[in-house]
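Student: My questions all concern the structure below.
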Amino acid sequence: MNQQQIFLISFGYFQKDFLDKIAEDVRREFLNPVNIREGHLDLSGFYDPARRQYNGNSMLKHVDANFSSDDSKTMGLFSVDLFIPILTYIFGQAFLKGRTGIASLYRLNNERYGMTRDEKSMLERFSKVVTHELGHAFGLVHCHNPVCVMRSGTYVEDIDQKGQHLCELCRELSGIY
Ligand SMILES: [Zn+2]
Ligand SMILES: [Zn+2]
0 MNQQQIFLIS FGYFQKDFLD KIAEDVRREF LNPVNIREGH LDLSGFYDPA RRQYNGNSML
60 KHVDANFSSD DSKTMGLFSV DLFIPILTYI FGQAFLKGRT GIASLYRLNN ERYGMTRDEK
120 SMLERFSKVV THELGHAFGL VHCHNPVCVM RSGTYVEDID QKGQHLCELC RELSGIY
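Residue 13 in numbering that gives the first Met the number 0 is what sits at position 14 of the sequence shown, and the numbering runs on without skipping anything.
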């Protein structure tokens, strides 16, 4: 058993019931206690004016250094546009087998793609991204199973196509079950 508390730290002014639903999905998937906390972080230092985006690598390191602890997994939840130097944008990232990950809601809402607002799909997508990044923190790499939440994805459509859950193999590899 890989028993570790999970902390979801909200840096994005998320609604309480929204966070509660994410926490519920995460708890169901990892079978570990999930705690929600409010975090305060001045993001201006992570902003790249040339890209008009926020540096995901620096933010991940910052959350890791200031909010994480060795005996738990910590996910920083944001609502700003994240990038890493080699990619146009990222939905989230995590230290593989580490203690920290980050995820952003920024590119997960329908309006960004010219479609009508859909709270349910936005929540579902964010939940998948958070689960996926936590999976990395629990030591999982990308999975080829098309419905597994650990499948890699570049576009929001990729997130929609995969399922919410870890596949049998990933569950086994995670050491949680
Ligand atoms: Zn990944
Ligand atoms: Zn899998």
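Glycine residues also receive a C-beta, built at the ideal position from the N, C-alpha and C atoms.
1) Going by CA-CA distance only, name the one from Gly75, Leu7 and Ala93 that's closest to Glu23.
2) Tell me the residue span of the beta strand (DSSP E) that contains Asn144.
3) Can you check DSSP and say which residues form a bridge with Leu86?
4) Between which residues of its own chain and Ser126 is the CB-CB distance below 8 Å, once the five residues before and five after are set aside?
5) DSSP three-state label for Gln92, please.
6) For the beta strand (DSSP E) that Ser67 lies in, which residues bound it at each end?
7) For ligand 4, is there any heavy atom lying closer than 7 Å to the beta carbon of Leu133?
8) Alpha carbon to alpha carbon, how far is Leu168 from Gly97?
Tutor: A quick look at the data gives this:
1) For this step, residue 23 is matched to residue 24 along the sequence shown. For the residues Gly75, Leu7 and Ala93, the minimum Cα distance to Glu23 belongs to Leu7.
2) Residue mapping note: residue 144 aligns to position 145 of the sequence shown, counting from 1. Neither: Asn144 is in no beta strand (DSSP E) and is coded neither H nor E.
3) Taking the sequence shown and counting its residues from 1, one reaches residue 86 at position 87. The secondary-structure analysis by DSSP pairs Leu86 across a beta bridge with Ile83.
4) In the sequence shown, counting from the first residue as 1, residue 126 sits at position 127. Cβ-Cβ distances below 8 Å link Ser126 to Lys20, Ile21, Asp24, Val25 and Gln163 in the same chain, with the five nearest sequence neighbours on each side left out; the list follows chain order.
5) One-based indexing of the sequence shown puts residue 92 at position 93. In the structure shown, Gln92 sits in a strand (DSSP, three-state: E or B).
6) Residue 67 sits at position 68 when you count from the first residue of the sequence shown. First-last for Ser67: undefined, no H or E at that position.
7) In the structure shown, ligand 4 is absent; the only ligands present are ligand 1 and ligand 2.
8) Counting from 1 along the sequence shown, the entry for residue 168 is found at position 169. Counting from 1 along the sequence shown, the entry for residue 97 is found at position 98. Straight-line Cα distance between these residues: approximately 20 Å.
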